[in-house]
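Here the structure is laid out as structure tokens; the discussion comes afterwards.
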Amino acid sequence: MHAVDHVDNARRFLALTDNQAFLDRNLWGLRQKRDAQMKAHPEWQALRTLASEIKEHALSHLDDYLEMFERNALANGVHVHWAEDAEAHNRIVHQLLTAHGVKTLVKSKSMLTEECDMRPYLAERGIEVVETDLGERIQQLDNEMPSHVVVPAVHKLARDVSKVFARTLGTDPDNHDPHYLAERQREATRPLMLAAQAGMTGCNFAVAETGAVTVCTNEGNADLSANLPPLHLVSIGIEKIIPRQQDLGVFIRLLSRSALGSPITQYTSHFRAPRRGGEMHFILVDNGRSARLAMADFWYSLKCIRCSACMNTCPVYRRSGGLSYGGVYSGPIGAIIDPTMDFKRYSTLPFASTLNGSCTHVCPVKINIHEQIYKWRELVAEQHDLPFIKRSAMKTAGIILSHPLLYRGMVKAMHTTVPYLPSALVNSPLNAWCEGRELPPMPKQSFRQWYVEHRQHNDPHGVHTS
Amino acid sequence: MDVALFIPCFIDACFPQVGVATLELLERLGCSVSYPMKQTCCGQPMANSGCHKDAEATERLFVRNFAEYDVIVGPSASCVHHIRHHLDHLEQTDEVQHVRQNTFELVEFLHDVLKVEAFPWASFPHRIGLHNSCSSLRGLREASMTEIDEPFFSKPKALLEKVAGIEFVMPQRPDECCGFGGTFSVTEAPVSVKMGQDKVTDHHTAGAEYIVSADMSCLMHQQGCAKRMGLDIGFLHIAQVLNGVSEQERAHARG
Ligand code: SF4
Chain A
1 MHAVDHVDNA
11 RRFLALTDNQ
21 AFLDRNLWGL
31 RQKRDAQMKA
41 HPEWQALRTL
51 ASEIKEHALS
61 HLDDYLEMFE
71 RNALANGVHV
81 HWAEDAEAHN
91 RIVHQLLTAH
101 GVKTLVKSKS
111 MLTEECDMRP
121 YLAERGIEVV
131 ETDLGERIQQ
141 LDNEMPSHVV
151 VPAVHKLARD
161 VSKVFARTLG
171 TDPDNHDPHY
181 LAERQREATR
191 PLMLAAQAGM
201 TGCNFAVAET
211 GAVTVCTNEG
221 NADLSANLPP
231 LHLVSIGIEK
241 IIPRQQDLGV
251 FIRLLSRSAL
261 GSPITQYTSH
271 FRAPRRGGEM
281 HFILVDNGRS
291 ARLAMADFWY
301 SLKCIRCSAC
311 MNTCPVYRRS
321 GGLSYGGVYS
331 GPIGAIIDPT
341 MDFKRYSTLP
351 FASTLNGSCT
361 HVCPVKINIH
371 EQIYKWRELV
381 AEQHDLPFIK
391 RSAMKTAGII
401 LSHPLLYRGM
411 VKAMHTTVPY
421 LPSALVNSPL
431 NAWCEGRELP
441 PMPKQSFRQW
451 YVEHRQHNDP
461 HGVHTS
Chain B
1 MDVALFIPCF
11 IDACFPQVGV
21 ATLELLERLG
31 CSVSYPMKQT
41 CCGQPMANSG
51 CHKDAEATER
61 LFVRNFAEYD
71 VIVGPSASCV
81 HHIRHHLDHL
91 EQTDEVQHVR
101 QNTFELVEFL
111 HDVLKVEAFP
121 WASFPHRIGL
131 HNSCSSLRGL
141 REASMTEIDE
151 PFFSKPKALL
161 EKVAGIEFVM
171 PQRPDECCGF
181 GGTFSVTEAP
191 VSVKMGQDKV
201 TDHHTAGAEY
211 IVSADMSCLM
221 HQQGCAKRMG
231 LDIGFLHIAQ
241 VLNGVSEQER
251 AHARG
């Protein structure tokens, strides 16, 4: 597969000026609400440190905690499965559904199942999956990936949603009222929920001490997915483990405040055991996580609680939109975890950043995101995965800039030629610069030349060199 | 105080007036300034693209050029940030360590080391928007950032406040990145340009006549965007303002 062309994808999204402006305004609004919550809690930084430490502890004893979690879940009457990769996850889900004769699975939002590409896998095998989260449902009906981990359809305007629903649910194409659209979607989905033979949820936190999982939603759809059908499947990334029940408080306090700037999600549901007469299955999924855990520079990206604060604050994300990243995880966190899943395909993402560092400072678990992005660039260059033009430009720059005489020659050439070059003739870097910007006027001489003329005779250090 | 002047490559080549202002300002403040003639660049453009191997010779040259000086001052946060925080690929000899620990960005040097109290020669009766580059803000911590709850501080503002006549205007998103980002400005041109447009629009809407920054690279990008958009707004490096802006510089700043 080709590497994601973030630049081109971004250009296309930027051309949808209304959508881009809407996305930027919305997410910046979330960032501001997050700031207000952060300011209202003087202990915020201490909470971040604590959250980071708990995750660090859990990840460095992950095997122990996973076993503890399994033991306790089994004791609670839950079935536990282990999936090494996406394919194993999908196979387990499929087997369970087939064994129960399930034709329709209702599912609340889970990035992990997106990561596993579960929907098409099940569809090919005759099982329909219905997303119960509104945003996720919109994306499902529109055949698009979620563009954001918390608000998957945030790049769509009401009129876009109306178009999707008119096509797929038969709503009035001229009615763009969000309330109307949400209501019609609910009417269309509720019967499916009531009739479904199985429900699936993701998992925000898996507590080793109790063998229970916690799911946070704003629409209550996880509860419907979990409680209506007799069979409840939970997909759990193995990094979601936290040691103790009391640790939950730390993360619950940080999650929604960082994500939406609200104190807590509308629903924080805890599932511990199957309901009477029902069955509950946990599927613990690795899918590259233990390999990531072994990567010295990148393992702490596993601390991520998927709050999306880094996306909301990211100026690049707010311009290019989540789909431009071409992966399940977008924005700053996507730029550092997507390459661990498919290095070639996502080798461009670490360059979709200005390294401004805002992400690192909003991250509630203190992941040093921008430093990892910097580190990834180095790896991409070492693996010779840079585009040829950039690779050779950097090589040339490295030679010129390490030889003062060559450097001076270049500056001189620049002063004599650039002002006279028609911009169409100037090759790619300058062309790209001029895509939306003017070049600065070229001065007649460099600082160095000025210095030689005006000051050098005064400078004992300057004279002996040339 | 004896200081060595570090003039980054793009300031040397494209913005000599910023180098001159920095030099004159340091001299006015009583420094004896040397300018090592064999300097070129700090290595950042290559390193930022992931090409550390290509950056090494340039970084070594930088160290060779400046190792004999006690204090090194350069008017660019991103370059100083690179020297201080990203020169990890070289063998950490005493020379390398010395250079890394003693290279200051101009604002830091004036604020923290010289602790300058006044710029009696400077007057700038204009409304300005202050642009803190991400390297100065989150990299060198020259000002408080909105991501964390910390008491407000701003070293560049503290310096500029001492210039007669200056009035500050506040953009809506004071510490949002302007989209320059080194080679990002070229390799991710569409996003970079949009960020730049948004940035200058934010300042312009707030009523800024000039945007002032300690980072010329951000200004070059913003000026390029503003010019293309036809916005009437000027761009000045903080060294120019603190040194007293000449008529000629004023005209130049408005493009
Ligand atoms: S990296 Fe940090 S800020 Fe980004 S989604 Fe994960 S936890 Fe949230």
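So the sequences go chain by chain: A and B.
Take the first sequence: its letters are residues 1 to 466, numbered as in the working numbering.
Take the second sequence: its letters are residues 1 to 255, numbered as in the working numbering.
In this text, a Cβ means the ideal position worked out from N, Cα and C, and glycines have one as well.
Looking at the DSSP output, residue 88 (chain A) shares a beta bridge with no other residue.
Taken from the Cβ of residue 203 (chain A), every heavy atom of ligand 1 lies 7 Å or farther away. Relative to the Cα of residue 249 (chain A), the nearest Cα in the group A:23, A:437 and A:54 belongs to A:54. In this structure, residue 289 (chain A) lies near residue 237 (chain A), with their beta-carbon atoms less than 8 Å apart. Burial is judged here by how many other beta carbons sit within 10 angstroms of a residue's own beta carbon; residue 389 (chain A) has fewer than 16 and is exposed.
Between the alpha carbons of residue 215 (chain A) and residue 85 (chain B) lies a distance of about 40 Å. Segment contact: the stretch 40-48 of chain B against the stretch 13-21 of chain B, fewer than three CB-CB distances shorter than 8 Å; contact not assigned. Our two residues, residue 122 (chain A) and residue 300 (chain A), have alpha carbons roughly 32 Å apart in a direct line. Under a 10 Å Cβ-count criterion, residue 69 (chain A) is classified as buried, with 16 or more other Cβ atoms of the shown protein chains found around its own Cβ.
Per the Cβ contact rule, the stretch 449-458 of chain A is not in contact with the stretch 203-213 of chain B (fewer than 3 Cβ pairs under 8 Å).
Exclusion of residue 241 (chain A) from the 7 Å shell around ligand 1 follows from its C-beta lying no nearer than that to any non-hydrogen atom of the ligand. Interface with chain B (8 Å Cβ-Cβ cutoff): residue 436 (chain A) is included. A direct Cα-to-Cα measurement between residue 205 (chain B) and residue 227 (chain B) gives close to 16 Å.
Counting every other CB atom within 10 Å of its CB across the protein chains shown gives residue 187 (chain A) a total below 16, marking it as exposed.
Residues of the stretch 327-356 of chain A with a C-beta atom less than 9 Å from some C-beta of chain B are 350, 351, 352, 353, 354, 355 and 356, listed in chain order. Burial state of residue 251 (chain B) is exposed, judged by a 10 Å Cβ sphere holding fewer than 16 other Cβ atoms. Within the stretch 154-227 of chain A, complete beta strand (DSSP E) segments of at least 3 residues are found at 198-201, 205-207 and 212-217, given in chain order. Annotation: the continuous beta strand (DSSP E) that includes residue 285 (chain A) extends over 279-285.
For the pair residue 116 (chain B) and residue 159 (chain B), the Cα-to-Cα distance works out to about 8 Å. The shortest CA-to-CA distance from residue 214 (chain B) to any of B:44, B:81, B:34 and B:32 is the one to B:81. Taking C-alpha positions only, residue 114 (chain A) is separated from residue 145 (chain A) by approximately 8 Å. In the three-state reduction of the DSSP assignment, residue 19 (chain B) falls in the helix class. Relative to ligand 1, residue 310 (chain A) has its C-beta within less than 7 Å of a heavy atom. Counting C-beta atoms within 10 angstroms of its own C-beta, residue 170 (chain B) has fewer than 16 neighbours from the protein chains shown and is therefore classed as exposed.
Ligand 1 approaches residue 367 (chain A) closely enough that one of its heavy atoms is under 7 Å from the residue's Cβ. A residue is called buried when at least 16 other Cβ atoms come within 10 angstroms of its Cβ; residue 231 (chain A) meets this threshold and is buried. Rounded to the nearest angstrom, the Cβ distance from residue 162 (chain A) to residue 143 (chain A) is 17 Å, too far for a contact under 8 Å. Apart from sequence neighbours up to five positions away, the residues of its chain that approach residue 141 (chain A) with a beta-carbon distance below 6 Å are 164 and 168, ordered along the chain. Comparing alpha-carbon positions, the option among A:132, A:320, A:297 and A:306 lying closest to residue 188 (chain B) turns out to be A:320. Annotation for residue 33 (chain A): no beta strand (DSSP E) segment contains it, though the alpha helix (DSSP H) segment containing it runs 17-39. Taking the beta carbon of residue 238 (chain B) as reference, no residue of chain A falls within 8 Å; the closest one sits roughly 17 Å away. Counting only residues of its own chain and dropping the five nearest sequence neighbours on each side, residue 181 (chain A) has a CB closer than 8 Å to the CB of 158, 161, 162, 165, 171 and 175. Residue pairing of residue 2 (chain B) in beta bridges, as defined by DSSP: B:32. Spatial neighbours of residue 152 (chain B) in its own chain (CB-CB distance under 8 Å, excluding positions within 5 residues in sequence) are listed in chain order as 144.
The C-alpha of residue 218 (chain A) lies about 16 Å from the C-alpha of residue 183 (chain A).
Residue pairing of residue 103 (chain B) in beta bridges, as defined by DSSP: B:72.
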